[in-house]
Amino acid sequence: MTLDNLQNNTDTIVAIATAPGRGGVGVIRLSGSDLSTYIDGLIGSGRVLKPRQAHYASFYDAEGAVLDQGLVLSFPAPNSFTGEQVLELHGHGGPVILDCLVNRCIELGARLARPGEFSERAFLNDKLDLAQAEAVADLIDASSTQAARSAVRSLQGEFSIKIRDFVERMIVIRVFVEAAIDFPEEEIDFLADNALREKLSLLRSDLERFLATAEQGALLRDGINLVLAGKPNAGKSSLLNALAGQDAAIVTDVAGTTRDVLREKINLDGVPLNIVDTAGLRETDDIVEQQGVLRAWGEIEKADAILYVVDAANHDKQPLESLWPEYFRRFPDTQPNIISIFNKQDLLQKGASPYSTTEKSIGVSAKTGTGLSDLKQLILKAVGYKEQAEGVFSARRRHLSAISKATQLVCHGIEQLEIANAGELLAEDLREAQRYLSEITGEFTSDDLLGVIFSSFCIGK
Ligand SMILES: Nc1nc2c(ncn2[C@@H]2O[C@H](COP(=O)(O)OP(=O)(O)OP(=O)(O)O)[C@@H](O)[C@H]2O)c(=O)[nH]1
Ligand SMILES: [Mg+2]
96 MTLDNLQNNT DTIVAIATAP GRGGVGVIRL SGSDLSTYID GLIGSGRVLK
146 PRQAHYASFY DAEGAVLDQG LVLSFPAPNS FTGEQVLELH GHGGPVILDC
196 LVNRCIELGA RLARPGEFSE RAFLNDKLDL AQAEAVADLI DASSTQAARS
246 AVRSLQGEFS IKIRDFVERM IVIRVFVEAA IDFPEEEIDF LADNALREKL
296 SLLRSDLERF LATAEQGALL RDGINLVLAG KPNAGKSSLL NALAGQDAAI
346 VTDVAGTTRD VLREKINLDG VPLNIVDTAG LRETDDIVEQ QGVLRAWGEI
396 EKADAILYVV DAANHDKQPL ESLWPEYFRR FPDTQPNIIS IFNKQDLLQK
446 GASPYSTTEK SIGVSAKTGT GLSDLKQLIL KAVGYKEQAE GVFSARRRHL
496 SAISKATQLV CHGIEQLEIA NAGELLAEDL REAQRYLSEI TGEFTSDDLL
546 GVIFSSFCIG K
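Per the numbering used here, the sequence shown runs over residues 96 to 556.
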């Protein structure tokens, strides 16, 4: 999909805007350049709809029979969500009746909206920038109150305003630097100016802080992929059940109980965790278990953080490198984010010294629940979550990578200036950095990327 054919799509689109299933009310939304035919066809010719006011009406089929009764609202362009004329029909929320209404609109000339097409039109008509359009999707998909709050903040434009502010600061600096390049014979050496250096270093530190806040937003939105790994019978499945608060996984005293990968979602202080339970890691002749172990390694490789579970009744506390040498043999070059969990604390001999918790290791009992709340805090810390109720806005991985590239370019530009007094290179780096930031709000976003972003939205959005 290219921007050209995005823009050419000015035909009338229709979709059910409410969630699938049955409910008291169901909403159908239409958007197009002129919806008068639809108003005449649906609620009878001659009805005048006052802008943005609810009118009670019957909705008719082609033969004039009543399909449903409800409210109808017209939002004339440009004061609507999409910037075009929008019509909303609020009928009864049953799937059959809503389908009938949609079909009636199609009969009158509309076509079914593609996923995200309403938001896409809002973006193309400058009602929302790209980061705000994404925030609409994030708000609808939010899996915790915190995630919803941060999406609202982005939707209100807080995120975009910050981005534009950075872009403007980069432009100011560029103008300064480019003037210095164009007029080298001037008496004053602009590039050696302290004010320039101060502006640049402030820009760098503000960008770094901004990236850290955006990372928190991305955590709230995407959650964390955590993998439970360890030897058979260490208590991985028991821990999964204890953390999830339900008997999701089968637990037995047979080593090799878990074969397949099992996924559970839980919510820790508003941060969604996707926890994966895996087969115990060992050499085995059982071909089913071999497959399970292979899958376990696959999950370990993809995880944001790993919980390495050890049966404390059979292992002394020791560094991870000697507890789990296979990991370091397989991935010698990675910086692992692994928490060692010494499980089965309840089985330790009376009087045995308790496990002292460190940043990356803890003693727990999946059976009695000892240590679990500390473990949860340790997990949040390990993935870099800091409790900061205010100021976080929803951010996506694509935003993080753009901000981080922009930050790297600014750092690189500063080096060019300091080492080589190379104003041209600094100006070039700033221009690139500015382009990366503008990608976030959609000013410099490629058509392909726009297609990918909007098609991930749901229909009717
Ligand atoms: N006493 C005690 N027993 C535990 C604890 N956690 C797990 N167990 C027992 O240890 C045995 C193995 O537990 P699982 O949770 O199935 O272990 P697993 O690591 O998933 O094992 P596999 O799936 O075979 O790899 C079961 O009999 C559990 O009841 C614990 O904290 N204390
Ligand atoms: Mg298991």
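From the three backbone atoms N, C-alpha and C, an ideal C-beta is built for every residue, glycine too. Source: prediction; values computed, not measured.
**Q.** Three-way DSSP call (helix, strand, coil) for Asp372 in this model
**A.** strand
Q | Per-residue DSSP class, three states only, for Tyr133 | A | helix
(Q) Residues in the same chain with beta-carbon distance under 7 Å from Ala230, minus the five sequence neighbours each way, listed in chain order, please. (A) Ala246, Ser249, Leu250 and Ser489
(Q) Three Cβ pairs or more, each shorter than 8 Å: is that satisfied between the region 178 to 190 and the region 116 to 134? (A) yes
Q) Smallest Cα separation from Gly121: which of Leu193, Asp163, Leu162 and Ala157? A) Leu193
Q: Look at the alpha carbon of Thr536 and the alpha carbon of Asn220, and state the distance between them as a whole number of angstroms.
A: 14 Å
Q) Is DSSP giving Gln413 helix, strand or coil here? A) coil
Q) Residues bridged to Glu447 by DSSP? A) Note on identity: in this sequence residue 447 is Ala, with Glu being the wrong assignment. For Ala447, which the question treats as bridged, DSSP gives no partner whatsoever.
Q) CB of Ala350 to nearest heavy atom of ligand 2: below 7 Å? A) no
Q | N- and C-terminal bounds of the beta strand (DSSP E) containing Gly127 | A | Gly118 to Gly127
Q: Give me the Cβ distance between Tyr403 and Ile436, rounded to the nearest whole Å; I'm assuming they're in contact under 8 Å.
A: 7 Å
**Q.** Which residues DSSP lists as bridging Arg183, in chain order
**A.** Here residue 183 turns out to be Glu, not Arg, going by the sequence shown. For Glu183, which the question treats as bridged, DSSP gives the partners Arg124 and Leu168.
Q: Could you tell me if Thr151 is buried or exposed, where buried requires 16 or more neighbouring beta carbons within 10 angstroms of its beta carbon?
A: Reading off the sequence, residue 151 comes out as Tyr, not Thr. Exposed, since its Cβ has fewer than 16 Cβ neighbours within 10 Å.
Q. Taking only runs of the alpha helix (DSSP H) that begin and end inside the region 185 to 231, which ones reach a length of at least 4 residues, in chain order?
A. 190 to 202 and 212 to 219
Q | Same chain only: Cβ atoms within 7 Å of Ala313, ignoring 5 sequence neighbours per side | A | Ala490, Arg491, Arg492 and Leu495
Q.
Please identify the residue among Ala339, Ala309 and Leu203 whose C-alpha is closest to the C-alpha of Thr107.
A. Leu203
Q. How would you write the range of the alpha helix (DSSP H) that Val349 sits in, first residue to last?
A. Counting along the chain, Val349 falls outside any alpha helix (DSSP H), and DSSP gives it neither H nor E.
**Q.** Sequence-distant residues of its chain with Cβ nearer than 6 Å to Phe539 (five each side left out)
**A.** Arg530 and Ser533
Q. Between which two residues does the beta strand (DSSP E) harbouring Ile457 extend?
A. Ser456 to Gly458
**Q.** Burial state of Val197, where buried means 16 or more other Cβ atoms lie within 10 Å
**A.** buried
Q. Taking contact to mean at least 3 C-beta pairs separated by less than 8 Å, is the region 432 to 452 in contact with the region 323 to 342?
A. yes
Q: Measure the C-alpha to C-alpha separation of Glu500 and Asp372 and round it to an integer number of angstroms.
A: The question names Glu, yet the displayed sequence has Lys at residue 500. For Lys500 and Asp372, the distance between alpha carbons rounds to 35 Å.
(Q) With H, G and I counted as helix, E and B as strand and the rest as coil, what does DSSP make of Asn320? (A) strand
Q. Is there at least one non-hydrogen atom of ligand 2 closer than 7 Å to the beta-carbon of Lys331?
A. yes
Q | Arg358 in three-state terms, based on DSSP | A | strand
**Q.** Residue ranges of each beta strand (DSSP E) within the region 492 to 556, 3 or longer
**A.** none
Q.
Once DSSP output is grouped into helix, strand and coil, what is the label at Thr105?
A. coil
Q. For ligand 2, is there a heavy atom less than 7 Å away from the beta-carbon of Ala344?
A. yes
Q. So which of Leu302, Phe278 and Arg244 has the shortest CA-CA distance to Arg259?
A. Leu302
Q. How is Tyr422 classed by DSSP in three states: helix, strand or coil?
A. helix
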